[in-house]
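What follows is a single structure, written as C-alpha cells, with notes after it.
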Amino acid sequence: GQQVMQIPQYQHVQEGEDFTTYCNSSTTLSNIQWYKQRPGGHPVFLIQLVKSGEVKKQKRLTFQFGEAKKNSSLHITATQTTDVGTYFCAMEYGNKLVFGAGTILRVKS
Amino acid sequence: SAVISQKPSRDICQRGTSLTIQCQVDSQVTMMFWYRQQPGQSLTLIATANQGSEATYESGFVIDKFPISRPNLTFSTLTVSNMSPEDSSIYLCSVDRGTGANVLTFGAGSRLTVL
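Chains A and B are the protein sequences, given in the same order.
Position in the first sequence (first residue = 1) + 7 = my numbering.
Position in the second sequence (first residue = 1) + 49 = my numbering.
So, in C-alpha cells, the structure goes:
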C-alpha cells in the first residue's frame, strides 16, 4: 500500500526558533493534508494542499507541496509554547486517509 | 464541520472483557472511520463504517475482534472484544467534514487501558 514517510520523529526547540517537518511519498499524491494533535487531544485539521508547488500560509505556519506532488513540508516560524504537539501529514488512498508517523514538537520557554 | 460526541472518554478494562465505544454525530454522514492510536504512535485506520452495509476492515483488523455497527447516518459503535493489554490505545471515530475533499473531523477519542 501507499506509505508516507515523515521526519523528524521528534524535535525540541527553544521558543522563538523555527521548526520544520517533512513528508515524502513514494507515489504521486492527489493532495496532502496536515493535522495537529495537542498533548492529550485529538487530531485537528490544519490545511489541505492540492496543486503542484502550492504554498499556503496560516499566520506563522507555512505549508508547501512539492512540484512533483510527492513531498510536503510544514514550517513554523518563531515557535511559541502554544505550538507544542504532534504534527501529522496525511494522504488520501481511495476513500481513506493514511497518516504519517508524526513529528512531536516540544518548545522550551 | 460536524460535531462528534464519543464515549467513553476513557476506561480501564480487565483482560478478556469487551468494551463498546459509541460515536454520535450531529449531522448525517455517509462514512464514518474508526482509527486506533497506540501510545506514542500515529493513527491507524481500523475500518470504514457505512450505513446499511458491513464495515470495511483494513489489513490486520478483523470483524470478530472489532465488530462495528452503523444503524443510521449519525451513529456508530466499535467494540473491542476479548481485550488484552496490547489493545490499550486511543480509539478515535472520525467523519468527512463534507467539503468534498475527504478531510476528517475527529471525535475526542476513547482512551482504553487494559490490565
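A virtual CB, placed ideally from N, CA and C, is assigned to each residue, including glycine.
query	result
Which of helix, strand or coil DSSP assigns to B:Asp60	strand
Assumed close pair A:Gln44, A:Ile54 - CB separation to whole angstroms, cut-off 8 Å	Going by Cβ atoms, the distance from A:Gln44 to A:Ile54 rounds to 15 Å, so no, they are not a contact pair.
Within chain B, the residues that A:Ala108 reaches when beta carbons sit closer than 9 Å	Gln90 and Ser91
Contact with chain A by B:Gly158, beta-carbon distance below 8 Å	yes
Near-chain B residues of the segment 81-104 of chain A - C-beta to any C-beta below 7 Å	Phe95, Glu99, Asn102, Lys103 and Leu104
Residue-level contact to chain A via CB, B:Phe82, 8 Å cutoff	yes
The beta strand (DSSP E) enclosing A:His82, as first and last residue numbers	Asn78 to Ile83
CA-to-CA distance, A:Leu112 to A:Gly4, given in whole angstroms	There is simply no residue 4 of chain A to check, as chain A begins at 8 and stops at 116 in what is shown.
With 16 other Cβ atoms within 10 Å as the buried cut-off, status of B:Arg59	exposed
Counted within 10 angstroms of its Cβ, other Cβ atoms place A:Tyr94 as buried (16 or more) or exposed	buried
Three CB pairs or more closer than 8 Å across the segment 131-140 of chain B and the segment 85-104 of chain B	yes
Interface residues of the segment 23-40 of chain A facing chain B [CB-CB below 9 Å]	Asn38 and Gln40
Contacts of A:Phe70 in chain B (Cβ-Cβ under 8 Å)	By Cβ distance, chain B contributes nothing, its closest Cβ being about 14 Å from A:Phe70, past 8 Å.
Residues of the segment 48-71 of chain A whose Cβ lies closer than 9 Å to any Cβ of chain B, in chain order	Gly48, His49, Pro50, Val51, Phe52, Gln55 and Val57
According to DSSP, residues forming a beta bridge with B:Ser159	B:Tyr140
Exposure of A:His19, with buried meaning 16 or more beta-carbon neighbours within 10 Å	exposed
Closest by C-alpha distance to B:Phe115, when choosing among B:Val52, B:Phe124 and B:Ala98	B:Ala98
Assigned exposure category for B:Asn151 - 16 Cβ within 10 Å defines buried	buried
Proximity winner among A:Leu81, A:Val91, A:Gly60 and A:Thr34, relative to A:Trp41 (alpha-carbon distances)	A:Leu81
Reference A:Cys96, options A:Ala85, A:Asn38, A:Gln87 and A:Lys115, closest by Cα	A:Asn38
Partners in chain A for B:Thr97, counting only beta-carbon separations shorter than 8 Å	Asn102 and Lys103
Cβ-Cβ distance between B:Thr126 and B:Ile117 below 8 Å	yes
B:Phe110, enclosing beta strand (DSSP E) - first and last residue	Note, B:Phe110: premise wrong, no beta strand (DSSP E); not H, not E.
Those residues which DSSP pairs with A:Val51 across a bridge	A:Lys43
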